[in-house]
Amino acid sequence: MGYEIPAWFQIAALSVLVIILIADLLLILKRPHIPSMREATLWVVFYVSLALVFAGVLLWVTGSHDAMGEFVAGWLTEYSLSVDNLFVFVLLMSQFAVPRRYQQEVLMVGIIIALVLRAIFIMLGAVLIENLSWIFYVFGLFLVYTAWRQAFPGKHEDDAQTETGLVRFMRRFFNISDTYDGPKLRTLVGGKKVWTPMILVFVAIGFTDLVFAIDSIPAIFGITQSAFIVFTANLFALMGLRQLYFLLGGLLDRLRYLHYGIAFILAFIGVKLFLHALHVNELPFINGGEHVEWAPEISTWVSLAVIVLSMLVATVASVIAARRDPHVSFAGSPSVADGSGESGAERAASDVAGEHAMPPTVEPPQNDRG
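In structure tokens form, the structure reads like this:
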């Protein structure tokens, strides 16, 4: 890392971003509603523009194109993985029958949980990288394995056919009502305080965030070793996730080849990490503990080009395939063509759940009062 990010800038940037996040949360709490397509689009454009402005400011502060390139590459990687995350959010909202007008609050809580978990993983990853050079071998192999699991989810479907143990535990030992009471976690039923199904939603989303954090943090550390850039890239990727959920909505099932693009990115970064591990090798049983001189260092700009091209090819291929598929609706609502009663987005979500060895189904509440 041939640049230095001033401490004052890190503090100022994180403070501003946290304020924006809190303001976004307060806006939801004050006026819970279903955002229109126009509103969701404007918010997504705002957060994407904010990320690009931040990249320019980072260039101005550090004077390093590498710092800017690492942030953009890291942000795009995390953003693509966040879209993958949306598939599972679609599934959870459907299975738990969350009233649509309260889904913004649920998503925002999920984003906050994700930020806390990823901050913990980032600090842990930074410490490991600082003290254990061989950890790059582990990260590299893990990402290649994750890429294989992304590309061939069918191999892991058997691992994901039941509820999470945590959700089952809560249903067994906590008194949880069958109906929602707005966005409340606790409500009165027959004069007795009980939990609402909203608590199960938060637990399931928290578990989802944990699984995705395990996948995504090694990926971005393959692009940059700056903990500040890693965290801000994650922050920007998650900040627009709530609006992106409503913007894409039923169109998620059109991104049928997205997981191949993500798999290629993860495999590429995994190979890059492994080559970097060879380049800085200190393990005695590899090349006598010496650096492997032939192992190339892949530049940030090559990584950025691979990430952009991978997502572009996956998106274009998905759109072309969707146009040729008569079972996909282009009015924004996926059609149900297989008689299963499951939408295209939900089927896609089940596939993504299988890719991450997560439960594709949960036990939903019996009724919905919202």
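In the working numbering, the protein residues as written are 3 to 372. Ideal placement from N, C-alpha and C gives every residue a C-beta, glycine not left out. Keep in mind it's a predicted model, so treat the numbers as computed, not measured.
Burial state of residue i, where buried means 16 or more other Cβ atoms lie within 10 Å
i: W45; result: buried
i: A9; result: exposed
i: A333; result: Unreliable positioning characterises A333 in this predicted model, as indicated by a pLDDT of 38, which lies under 50. The coordinate reading is nonetheless provided below. Flag for A333 reads exposed.
i: F287; result: exposed
i: Q163; result: Here the model assigns Q163 a pLDDT of 38, short of 50, so the residue's position is not dependable and the matter cannot be decided.
i: A229; result: buried
i: A25; result: exposed
i: S301; result: exposed
i: M125; result: exposed
i: V90; result: buried
i: V47; result: exposed
i: E72; result: buried
i: V55; result: exposed
i: I271; result: buried
Alpha-carbon spacing of residue i relative to residue j, whole angstroms
i: Q227; j: A128; result: 7 Å
i: V63; j: Y49; result: 21 Å
i: S295; j: H281; result: Note that residue 295 is Glu in the sequence shown, not Ser. Each residue's Cα considered, the two are about 6 Å apart.
i: L277; j: N289; result: 14 Å
i: A319; j: I267; result: 16 Å
i: H67; j: I13; result: 21 Å
i: E284; j: L275; result: 15 Å
i: S179; j: L311; result: 48 Å
i: L78; j: R174; result: 41 Å
i: Y182; j: E107; result: 14 Å
i: L249; j: M39; result: 6 Å
i: L93; j: A307; result: 32 Å
i: V172; j: Y259; result: Note on residue identity: the sequence assigns Met, not Val, to residue 172. For M172 and Y259, the distance between alpha carbons rounds to 36 Å.
i: I131; j: V321; result: 39 Å
i: H261; j: Q152; result: 6 Å
i: G65; j: A221; result: 25 Å
i: L60; j: G242; result: 20 Å
i: S84; j: N133; result: 29 Å
i: L257; j: A324; result: 8 Å
i: T234; j: L212; result: 18 Å
i: F154; j: I122; result: 29 Å
i: K32; j: I231; result: 32 Å
i: A215; j: A116; result: 7 Å
i: T210; j: T198; result: 20 Å
i: V74; j: M313; result: 14 Å
i: V118; j: M200; result: 20 Å
i: G291; j: D86; result: 39 Å
i: Y5; j: I114; result: 30 Å
i: T43; j: V100; result: 23 Å
i: E299; j: L143; result: 17 Å
i: V196; j: A297; result: 60 Å
i: I309; j: A269; result: 11 Å
i: S51; j: G58; result: 11 Å
i: R188; j: V205; result: 15 Å
i: N236; j: G192; result: 44 Å
The beta strand (DSSP E) enclosing residue i, as first and last residue numbers
i: R188; result: 188-191
i: V196; result: 194-197
Residue i and residue j closer than 9 Å at C-beta
i: G224; j: F141; result: yes
i: L246; j: L88; result: yes
i: L394; j: F98; result: The structure shown does not extend to residue 394, since the chain spans only 3 to 372, so no value can be given for it.
i: A149; j: A265; result: yes
i: I22; j: R244; result: no
i: V146; j: V273; result: yes
i: R102; j: S218; result: no
i: G208; j: G112; result: yes
i: P185; j: Y104; result: yes
i: L27; j: M110; result: yes
i: F238; j: L16; result: no
i: A69; j: I7; result: yes
i: A279; j: F176; result: no
For residue i: DSSP bridge partner residues
i: I178; result: W197
Residue i: first and last residue of the uninterrupted alpha helix (DSSP H) it sits in
i: Q105; result: 105-133
i: W389; result: Nothing in the structure corresponds to residue 389, since the chain is present only between 3 and 372.
i: R151; result: 137-153
i: N87; result: 67-97
i: G263; result: 260-281
i: F11; result: 9-32
i: V232; result: 229-241
i: R326; result: 302-326
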